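Numbering (the numbering used here), first residue to last: 76 to 552.
Glycine included, each C-beta is placed from N, C-alpha and C at the ideal position.
What you are looking at is a predicted structure, and each value in this text was computed from that prediction instead of being measured.
Here the structure comes first, spelled out in structure tokens, and everything after it is commentary.
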Ligand code: HEM
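Here is the structure:
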């Protein structure tokens, strides 16, 4: 334990090794290490990672100070720099006026009144995937859940924000995103020790990633030039720089497209994957979900308003985002010294916020390893401080796509449950290992989709007093 220096309150934390500090434990299994810090030292923990002083902050009032009340003092900092290698200068990686102007530009398509516009694309893409699952079920073929969720969120994002049919590009883009994760946070290679002129595997991969994304950006811009369609593309193509009054450069548009693709599709896919697995492994949750979906939707296509009425489905999604927050950790750097939870934070220190660690804090979550949607009844939510739960961050830098992600999750989960039961094919253990950026399942997750008799949902539908609805996927309701 670190000793308290006279006149200052130094947060407790591991002593670590000379020079490296706790870098060894961090690299062995970052999630386990950080969860252990909260257990052993509390909600504000000081550690050294090589030359950096880092604080893990999970105390809700202190989290509020970092993300909301004193957010101007907490910038992206060195731990975010790795993102810039691929994303350049986009919403996720920048601060100050540049960030503010970009956020103002893209925000309109992510607001509550605009998000329902994604519905036609979302319903269509999900329906197509489920038709394919029907074919797979008939042929006794398993579904690779993570792969299908990545494709689905990619198709939905491209269609609804860029009016672009990503179709043939999907596979390549999915693989490229996998590469992005490895190049941004490759473990064990101190890249700063390799001379900058030396060609490395990492540099080759980065160049390859940029070639793929350059093609994507060119396709999106050409498509827009021809049709004028795609709400997000439209905002960016018409945006001007507040300083110069000039239109955004190609680089600005490219960096923002990359940011939206990288921040938007994998996160939602990871959330879907865990939500569907949790439902499959908890039969009582499955039953309650069935009853709600039958009562609210029957066999009909979800609408954005109907999705709002799926209150239990929302609780299931919220609980899944608690247990498996896709962005499980994100950093800041303190510009000036500050005090958090009574402890000194020195200027220049890094601050780590971790939805995963906060969401497993036994002070707010009884038996945190158990999946229990009842934690999200309105009464239960009122009992907790708001920032004990933060799958989308908080404050001005809160996830710009949170409403879109939540709508996608509710709609896709309900459409899958209308037509299928999923059972996981036993194989490698289910877990996230030592996650890097997002909390993806460590191994491939294969499930068997069992088609539900279509009539069943119609019978439940009528029993619930709703008029018979047309089946959205072509069969008889
Ligand atoms: C379940 C799905 C998602 C999760 C869990 C998630 C989580 C997060 C979190 C925690 C942050 C804050 C990071 C920080 O403060 O440092 C963030 C920021 C961001 N997210 Fe999401 N996200 C999701 C979906 C999306 C979607 C669908 C989009 C866009 C289509 C998106 C775009 C962004 C962008 C651009 C930022 C940076 C915002 C800014 O700094 O102004 N995200 N996300």
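**Report entry** Cβ contact (3+ pairs, closer than 8 Å) linking the segment 288-298 and the segment 197-204
**Finding:** no
Query raised in the report: Does the segment 156-176 touch the segment 454-470, meaning 3 or more C-beta pairs lie closer than 8 Å?
Result: no
Query - Chain-order list of residues whose beta-carbon lies under 7 Å from that of residue 124 (same chain, five-residue window excluded) - result: 96, 97, 98 and 101
Query raised in the report: Sorry if obvious, but does the Cβ on residue 179 come closer than 7 Å to a heavy atom of the ligand HEM?
Result: no
Query raised in the report: Hey, how far is the Cα of residue 110 from the Cα of residue 93?
Result: 23 Å
Query - Candidates 107, 139 and 103, of which the one nearest residue 426 by Cα - result: 139
Query raised in the report: Between the beta-carbon of residue 355 and the beta-carbon of residue 499, is there less than 8 Å?
Result: yes
Query raised in the report: With a cut-off of 8 Å, do at least 3 Cβ pairs link the segment 344-355 to the segment 180-195?
Result: no
**Report entry** Buried or exposed (CB count within 10 angstroms, at least 16 for buried), residue 242
**Finding:** exposed
Query raised in the report: Closer than 7 Å: is that where the CB of residue 474 sits relative to any heavy atom of the ligand HEM?
Result: yes
Query raised in the report: Candidates 217, 173, 251 and 105: which alpha carbon is nearest residue 524's?
Result: 217
Report task. Grab the span of the beta strand (DSSP E) containing residue 522 for me, first residue to last. Result -> 521-526
Requested in this report: State yes or no: is the C-beta of residue 112 within less than 8 Å of the C-beta of residue 131?
Outcome: yes
Report task. Using 7 Å as the cut-off, classify the Cβ of residue 460 as near or not near the heavy atoms of the ligand HEM, replying yes or no. Result -> no
Query raised in the report: Count the other CB atoms within 10 Å of the CB of residue 503; is the residue buried (16 or more) or exposed (fewer)?
Result: exposed
Requested in this report: Please state whether DSSP places residue 186 in a helix, a strand or coil.
Outcome: coil
Query raised in the report: Can you list, in chain order, the residues of its chain whose CB lies under 8 Å from that of residue 301, leaving out five sequence neighbours each side?
Result: none
Query raised in the report: Using the C-alpha atoms, what's the distance from residue 513 back to residue 545?
Result: Residue placement at residue 545 cannot be trusted, given a pLDDT of 30 that sits under 50; what the coordinates show is reported in the next sentence. Residue 545 and residue 513: Cα-Cα distance of roughly 38 Å.
Query raised in the report: Distance, Cα to Cα, residue 317 vs residue 486?
Result: 38 Å
Query raised in the report: Based on the DSSP secondary-structure assignment, which residues constitute the bridge partners of residue 498?
Result: 523
Query raised in the report: Any chance the CB of residue 479 is under 7 Å from a heavy atom of the ligand HEM?
Result: yes
Report task. Using 10 angstroms around the beta-carbon of residue 407, count the other beta-carbons present and answer buried if the total reaches 16, otherwise exposed. Result -> buried
Query raised in the report: Using 8 Å as the Cβ pair cut-off and three pairs as the minimum, do the segment 384-393 and the segment 467-476 touch?
Result: no
**Report entry** residue 512 Cβ short of 7 Å to the ligand HEM heavy atom set
**Finding:** no
Query raised in the report: So, does the CB of residue 517 fall closer than 8 Å to a CB anywhere in chain B?
Result: Looking for chain B here will not work: only one protein chain is present.
**Report entry** Own chain, CB closer than 8 Å to residue 264, minus 5 neighbours either side, in chain order
**Finding:** Residue placement at residue 264 is poorly supported in this model, since its pLDDT is 43, which falls under 50; the coordinates still yield a value, given next. Cβ neighbours of residue 264 beyond the five flanking positions: 277.
Query raised in the report: Hey, is the segment 229-238 in contact with the segment 332-350, meaning 3+ C-beta pairs nearer than 8 Å?
Result: yes
Query - Buried versus exposed call for residue 186 [16 or more other C-beta atoms within 10 Å across all chains shown] - result: exposed
Query raised in the report: Apart from the five residues on each side of it in sequence, which residues of its chain come closer than 7 Å, Cβ to Cβ, to residue 515?
Result: 221, 345 and 507
Report task. Decide if the segment 302-316 is in contact with the segment 171-185; the criterion is three or more beta carbon pairs, one per stretch, under 8 Å apart. Result -> yes
Query - Residues of its chain near residue 395, where Cβ-Cβ distance is below 6 Å and the 5 sequence neighbours each way are ignored - result: 349, 350 and 353
Query raised in the report: If you follow the beta strand (DSSP E) that residue 425 is part of, which residue opens it and which one closes it?
Result: 425-428
Report task. Quick one: residues in its chain with C-beta nearer than 7 Å to the C-beta of residue 91, no 5 flanking neighbours on either side, listed in chain order? Result -> 97, 122 and 123
Query raised in the report: Going by the CB atoms, is the gap between residue 492 and residue 364 shorter than 8 Å?
Result: yes
Query raised in the report: Using CA coordinates, which residue listed in 336, 311, 320 and 319 is at the minimum distance from residue 327?
Result: 311
**Report entry** Given residue 149 as reference, the closest of 522, 433 and 422 once Cα atoms are compared
**Finding:** 422
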